[in-house]
Amino acid sequence: DQVERSFREALRHQRAGADENDDAITAAHAALEAALKTAGLTGNELGQLAKSFRGSGLVPPQLAGVPELLDQLLKRSAAIRNPLGDAHGKRSGAQPVPQELADLAIHWTGAFIVYLAGTLRNASSSHEAHDAPSPPPVLG
């Protein structure tokens, strides 16, 4: 799917050397947006998708505040990508993206995608358990 393709692309660019770090950040960002859209969240750009995530109910009450924290994390991802990635073209004289910044963007993205996939999996199995018919009573 698009999430996996984009994330694998980010990893390929990350491993290809410093001159591809901007491509790595752009691909990681694409994977993040694809994951949020795959989860059924709405929006055409990361800010809208993050807002949809905040209101989605995908986080249990025991983790109150996590959507806001994750929203901030997603915004930081965009803050890294917008000036340093190459999605909007590379400006003349742009400084190379430091390896550690590309690594951070990719790891943040990967961790969030794993979190989101697990949350969706748990929500899906929870709904299935609630929707499943009750077993017949044991008479004895």
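Numbered according to my numbering, the sequence shown spans residues 43 to 182. Glycine included, C-beta positions come from ideal geometry on N, C-alpha and C.
Query raised in the report: What is the C-beta distance between His55 and Ala66, in whole angstroms, given that I count them as a contact (C-beta under 8 Å)?
Result: 4 Å
Practice task
Can you say whether Asp61 is buried or exposed, counting buried as having 16 or more other CB atoms within 10 angstroms of its CB?
Solution key: exposed
Practice item. Say yes only if the C-beta of Ile148 is nearer than 7 Å to one or more non-hydrogen atoms of the ligand ZN, and no if none qualify. Key: Although the ligand ZN was asked about, the structure shown includes no ligands whatsoever.
| message | Applying the 10 Å Cβ sphere with the 16-neighbour rule, what's the burial state of Val139? | response | buried
- Could you say which of Gly59, His71, Ser167, Asn63 lies nearest to Gln44 if we only look at CA atoms? His71
Sub-8 Å separation of Ala165 and Asn63 beta-carbons
no
Item checked: Extent of the continuous alpha helix (DSSP H) run through Gln104 -> Premise fails: Gln104 is in no alpha helix (DSSP H) and is neither H nor E.
Legend entry - Candidates Trp150, Gly99, Gly59: closest to Phe49 by CA position: Trp150
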